[in-house]
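> Shown below is the structure under consideration.
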Amino acid sequence: MGAVGALVVVEGLDGAGKRTLTDALSTALAARGARVARTAFPRYDDDVHAELVRDALYGRLGDLSGSVHGMTLLFALDRRAAGPLLRADLEAHDVVLVDRYAASAAAYGAARLHQDAAGEFVEWVRELEFGRFGIPVPDHHLLLAVPHAVAADRAAHRERTEAGRERDTYESDGGLQERTGAVYAGLAAASWVAPWTVLDGVAGVDADALAARLLGEEPVSARPAHG
Ligand code: 2DT
């Protein structure tokens with residue numbers, strides 16, 4: 001690791017298992033002595049942008065919820081506002097794990113547009129967020145890939161078991177989830193912004209081996225056995 005920590009982004013559909021992976025990965029990284037910080041977007045705290053994002057996601061901002069570029073701008077402004085915090089986290093840690101980042105804006109936004117407009121849109125997101133807004137560029141993306149039906153089942157289960165959790169407008173749209181999964185696969189194949197590793201979210205992920213790889217070490221299981 002260099003002087004500044006690595007920004008590692010976890011992406012995937014709702015119900016792909018991002019939270020579980022982030023928990024396991026941060027434990028595995030810490031067990032290897034790495035200083036780990038975590039954050040997630042959109043930020044659902046008291047920040048003004050996050051409040052607007054929430055309103056937009058629950059259809060409380062009228063026409064704005066229907067505008068892909070308008071919604072994307074709100075998500076991007078949330079990340080722009082978080083930029084200084086993220087930079088401070090990167091200064092003080094070896095790894096900063098982020099649950100959703102600009103790639104979510106690219107994937108969910110492109111999935112809402114006509115396929116012909118998707119390429120131009122993901123380029124617009126890249127330029128807006130990393131160019132104009134200058135948010136930290138990720139070092140690595142981890143895509144938790146699951147069939148959209150599996151993600152939908154898990155998200156529905158979570159909804160039944162977590163009291164007071166409502167579906168946002170994106171989660172209620174099964175077709176959107178399926179198209180988003182396809183855009184994610186395309187972003188990974190194109191190494192959008194940074195390298196991507198696609199992980200099998202159904203078979204499960206070996207968090208310790210992944211932690212070793214992210215830290216540039218050999219997985220423990222691959223080391224020659226002694227004694
Ligand atoms: P969560 O279910 O993870 O809270 O996200 N989204 C998210 C975007 O469309 N663009 C973004 O930049 C981000 C961070 C994904 C709520 C929904 O918001 C979508 C699902």
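Residue numbers (the UniProt record's numbering): 1 to 227. A virtual CB, placed ideally from N, CA and C, is assigned to each residue, including glycine.
Going by the DSSP bridge assignment, what does V48 pair with across the sheet?
Bridge partners of V48: none, in fact.
> Just curious, the alpha helix (DSSP H) that H148 is in, first and last residue?
From DSSP, the alpha helix (DSSP H) with H148 extends over H148 to T161.
> Is there contact here, the segment 107 to 115 with the segment 150 to 164, by at least three beta-carbon pairs under 8 Å?
The answer is no - the segment 150 to 164 does not touch the segment 107 to 115, with fewer than three Cβ pairs under 8 Å.
> From A106 to G15, what does the alpha carbon distance come to, in whole angstroms?
Straight-line Cα distance between these residues: approximately 18 Å.
> Can the beta-carbon of A151 be found closer than 7 Å to that of L13?
In this structure, L13 lies closer than 7 Å to A151 by Cβ.
> Excluding the 5 residues preceding and the 5 following P42 in the sequence, name in chain order all residues of the same chain whose CB lies nearer than 7 Å to its CB.
Around P42: A50, V53, F75 and D78.
> With distances taken Cα to Cα, identify the nearest neighbour of V68 among A110, R35, G131 and E11.
Among A110, R35, G131 and E11, the Cα nearest to that of V68 belongs to A110.
> When you measure from the CB of D14 to every non-hydrogen atom of the ligand 2DT, does any distance come out below 6 Å?
The answer is yes for D14.
> May I ask you to report which of helix, strand or coil DSSP gives T27?
If DSSP states are grouped into helix, strand and coil, T27 belongs with the helices.
> Identify whether D55 lies in helix, strand or coil by the three-state DSSP scheme.
Residue state, collapsed to three classes: helix.
> If we ignore side chains and look at the alpha-carbon of each, how far apart do R126 and G33 end up?
Their Cα atoms are separated by approximately 33 Å.
> Using 7 Å as the threshold, is the C-beta distance between E129 and A102 below it?
Against a cut-off of 7 Å, the Cβ pair of A102 and E129 comes out as a contact.
> Can you give the Cα-Cα distance for I135 and R165, rounded to whole angstroms?
C-alpha separation (whole angstroms): 30 Å.
> May I have the straight-line CA-CA distance separating A6 from Y58, to the nearest angstrom?
So the two alpha carbons sit approximately 33 Å from each other.
> Can F133 be considered in contact with the ligand 2DT, in the sense that its beta carbon sits closer than 6 Å to one or more heavy atoms?
Outside the cutoff, so no.
> According to DSSP, simplified to helix, strand and coil, what is R32?
Three-state DSSP puts R32 in coil, outside helix and strand.
> At the level of alpha carbons, what is the spacing between A30 and A211?
In a straight line, the C-alpha of A30 is about 9 Å away from that of A211.
> For T72, count neighbouring C-beta atoms within 10 Å of its own C-beta (all shown protein chains included) and say buried if the count is 16 or more, exposed if not.
So T72 ends up on the buried side.
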